[in-house]
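Written out below as structure tokens is the structure these notes cover.
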């Protein structure tokens, strides 16, 4: 991967961001469901830097409770979230960051700053950019602060340092485009769980920040490293759309991973009968695997022969990738 070579050459973190293919205007529901689940373009990225407490601002507090509306009563709907309130003083700059689009939900904050601190996701809902910035500004942590402090005090910790990690910056090179008609089908891939986001209405969608970072040593770091071995299902766009649309039309969500067999007989697999009266044969496809410990990439054929469930979907599509068989 080019991002790995760039990290080694620059002796700095470099990465690649995968972009979910947008839904074309006027698409119906099935098209909308399938388009948002494939990747056709990528871009190289570099670290975006960080934000620390300005010189004019003092350290932050970790609060157990916070009087959001200023009425002296701890009765609001957010008052009992636990040890998640981060209060900054003397205009810590968070209002301006959010207004400029640099501070968004899900960014990471490390408290205290430096290697001894812990990382937390942030929630910016308490910063109102439609009103003037206030002296005090409050962020929410997405999980409780790790050290509970004194359980009898509303202020659990005082005068702490912090650093907020900005989103990655896209490097000025041309975007990386897959060949025409080729997609990475995320529903047929094994990717980090953090890349798939649950929707309130049910179902899932994929994150706009599917980033793979490489260290100067060439190994994968960050959230993607936790996945260990990643498999990307590279296939024909038309096959990906048609087969998933046909499956979704039955009223069921596709199994995970969704990798069809090499031959699908419509006489026994009625869900595919809308696209063929005989045997549906998907076009050429491959599994591209990324080993996080080394950064190595391999290409393997799909193991699309096993079908113990008799549903037309491969049960173990990544077996060749994991046993070492290479693509011919």
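In the working numbering, the protein residues as written are 47 to 374.
Just so it is clear, CB atoms sit at the ideal spot from N, CA and C, and this is done for glycine as well.
Any contact of the region 255 to 273 with the region 48 to 67, i.e. 3+ C-beta pairs under 8 Å?
The region 255 to 273, when compared against the region 48 to 67, does touch it at the 8 Å Cβ threshold.
Report the option in 328, 173, 205 whose CA atom is closest to the CA atom of residue 157.
Checking every option, the nearest Cα to that of residue 157 belongs to 205.
When the Cα atoms are used, what is the spatial distance from residue 343 to residue 253?
Approximately 23 Å between the Cα atoms of the pair.
Excluding the 5 residues flanking residue 207 on each side, which residues of the same chain have their C-beta closer than 7 Å to its C-beta?
Result list for residue 207: 99, 105, 158, 159, in chain order.
Cutoff 8 Å; reference residue 228; Cβ partners in own chain excluding five residues on either side
If we look at residue 228 and ignore the five residues flanking it on each side, its Cβ neighbours are 86, 280, 281, 282, 283.
Whole angstroms are fine: how far does the CA of residue 333 sit from the CA of residue 84?
Answer to the nearest angstrom: the Cα atoms are 14 Å apart.
Any chance the region 283 to 299 sits against the region 229 to 244, with 3 or more Cβ pairs inside 8 Å?
Enough Cβ pairs lie closer than 8 Å, so yes.
How about residue 179 and residue 151: are their beta carbons less than 8 Å apart?
Taking 8 Å as the cut-off, the Cβ atoms of residue 179 and residue 151 do not count as close.
What's the call for residue 194, buried or exposed, on a 16-neighbour Cβ count within 10 Å?
Flag for residue 194 reads exposed.
Do you know how far the Cα of residue 323 is from the Cα of residue 76?
Note that residue 76 scores a pLDDT of 48, beneath 50, so its modelled location is shaky and nothing firm can be said.
Look up residue 148 in the DSSP assignment and say whether it is helix, strand or coil.
Note: residue 148 maps to coil in three-state DSSP.
Do you know how far the Cα of residue 351 is from the Cα of residue 297?
If you draw a straight line from the Cα of residue 297 to the Cα of residue 351, it comes to about 25 Å.
Under 7 Å Cβ to Cβ from residue 129, same chain only, skipping five residues before and after it: list those, please.
Here residue 129 has 108, 110, 190, 191, 194, 202 as same chain residues with Cβ atoms under 7 Å from its own Cβ, once five neighbours each way along the sequence are excluded.
Taking Cβ positions, are residue 62 and residue 82 nearer each other than 8 Å?
If you check the CB distance, residue 62 and residue 82 do not come in under 8 Å.
DSSP beta-bridge partners of residue 243
251, per the DSSP bridge assignment.
At least 3 beta-carbon pairs within less than 8 Å: the region 353 to 360 vs the region 291 to 305
Segments in contact, yes.
With burial defined as no fewer than 16 other Cβ atoms inside 10 Å of the residue's Cβ, what is the status of residue 101: buried or exposed?
The residue in question, residue 101, is exposed, as its Cβ has fewer than 16 Cβ neighbours within 10 Å.
Those residues which DSSP pairs with residue 259 across a bridge
Under the DSSP definition of a beta bridge, residue 259 partners with 61, 267.
Under the assumption that residue 143 contacts residue 213 (Cβ atoms under 8 Å), give the Cβ distance between them as a whole number of angstroms.
With a Cβ gap of about 11 Å, residue 143 and residue 213 do not count as contacting.
Over the uninterrupted alpha helix (DSSP H) stretch that includes residue 365, give me the two end residues.
In the DSSP assignment, residue 365 falls within the alpha helix (DSSP H) that extends over 365 to 369.
Find out if the Cβ-Cβ distance for the pair residue 149, residue 91 is shorter than 8 Å.
Taking 8 Å as the Cβ cut-off, residue 149 and residue 91 do not qualify as a contacting pair.
Contained alpha helix (DSSP H) runs [length at least 4] in the region 293 to 350, N- to C-terminal order:
For secondary structure counted as the alpha helix (DSSP H) over 4 or more consecutive residues, the region 293 to 350 holds no complete run.
Please name the residue, chosen from 155, 172, 330, 171, that lies closest to residue 165 on a Cα-to-Cα basis.
Closest in C-alpha terms to residue 165, from the list 155, 172, 330, 171, comes 155.
Helix, strand or coil: how does DSSP classify residue 375 here?
The shown model of the chain, from 47 to 374, leaves out residue 375, and the question about it has no answer.
In angstroms with no decimal places, state the Cα-to-Cα distance between residue 94 and residue 268.
Computed Cα separation, rounded: 14 Å.
Let me confirm a value: residue 69 is counted as buried when at least 16 other C-beta atoms fall within 10 Å, else exposed. Which label applies?
With a 10 Å radius around the Cβ and a threshold of 16 neighbouring Cβ atoms, residue 69 comes out exposed.
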